[in-house]
Each structure stands twice: as C-alpha cells, then as structure tokens.
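Written out below as structure tokens is the structure these notes cover.
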Amino acid sequence: MDITARSVAQVILMGHEMERAEGELRGFLEGLGPEEQADLVAIFWIGRGSFEAEDFAEARATAMAEASVPTADYLFGSPHFADHLEAGAEALGLDVADQEDDLL
C-alpha cells in the first residue's frame, strides 16, 4: 500500500467537512500520486462492501485499470465517501483514529 494512514485520515476528516473543505480536499487528492489515489479508491470500495479486505490487491488493480475520472470527482459522487473510507481503513487495520486525533 502506497498511501499512508495519515493521508487516509486527512481525507476522512476533510470529507466530513465538505462544505468548508471541498477545495482543499480536491487539491490534496490531486496532489496524490496515481498509486496513492488507487489505494484510496480501493479502501473506499472495501468500506462500501464492493471488495473484502483480503482482496485489497485486486481492488487496487481494478482502481488503476478503471480510473477514468479524477479521484476527487469519483469520491465526491458518493455522499458517504468519508464513512466508507473509515470502514475500509478499519477493515484493513489502518489506524486512522490516532492519525485523525493528531490532525485536529
């Protein structure tokens, strides 16, 4: 996995504050490399229930192969993307709660 728990936590925090942080979040997502963006989409899919945690590599490969719109546009299309990221991170054992506390 190329994305850090801290980056996932940052996306989750900003995702919960979309009304005030959409521009900042969009810029943050655009600054991630393609591998990190694919990781994020894979985590999102796992949290949404499209893939199981043990299928992370397959989810990531699918995200890389099917990327056709900017990651921000794709994630923002789901009104609960931050919740799905939280659930996916938890399923994968990423410690985003401590990272979120550090970011506040």
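Oh and the sequence shown: position 26 is 19 in my numbering, straight run, nothing missing.
From the three backbone atoms N, C-alpha and C, an ideal C-beta is built for every residue, glycine too.
Treat the numbers as computed from the prediction; the structure is a model and nothing was measured.
Residues near residue i in its chain [Cβ-Cβ closer than 8 Å; skip 5 each side]
i   : result
E29 : D(-5), I(-4), S0
S61 : none
P63 : L22, E23
Nearest-angstrom Cβ-Cβ length linking residue i and residue j, presumed shorter than 8 Å
i   : j   : result
I4  : L18 : Note that residue 4 corresponds to Val in the displayed sequence, not to Ile. About 7 Å separates the two Cβ atoms, so the contact holds.
A14 : A31 : That pair is no contact at about 22 Å.
G8  : F74 : 6 Å
Sequence-distant residues of the same chain with beta carbon closer than 7 Å to residue i, five excluded per side
i   : result
A46 : I39, A84, L85
D48 : none
Nearest-angstrom Cα separation, counted from residue j out to residue i
i   : j   : result
G20 : A65 : 9 Å
I36 : L78 : 6 Å
E98 : A58 : Past the edges of the chain, shown from -6 to 97, lies residue 98, and the structure says nothing about it.
A50 : G81 : 13 Å
Y67 : R41 : 14 Å
D76 : E23 : 20 Å
E12 : A54 : 31 Å
S71 : G16 : 17 Å
Beta-carbon contacts of residue i that lie in its chain and below 6 Å, excluding the five residues immediately before and after
i     : result
A(-2) : L87, D88, V89, Q92
F44   : W38, A52
| said: Quick check for students: name the residue ranges of the alpha helix (DSSP H) that lie wholly in the region 56 to 91, counting only runs of 4 or more. | reply: Entirely contained in the region 56 to 91, the alpha helix (DSSP H) runs reaching 4 residues are, in chain order, 64 to 69, 74 to 85.
| query | Where are the beta strand (DSSP E) runs, 3 residues long or more, that stay fully inside the region 32 to 56, in chain order? | reply | Complete beta strand (DSSP E) runs here, min 3: none at all.
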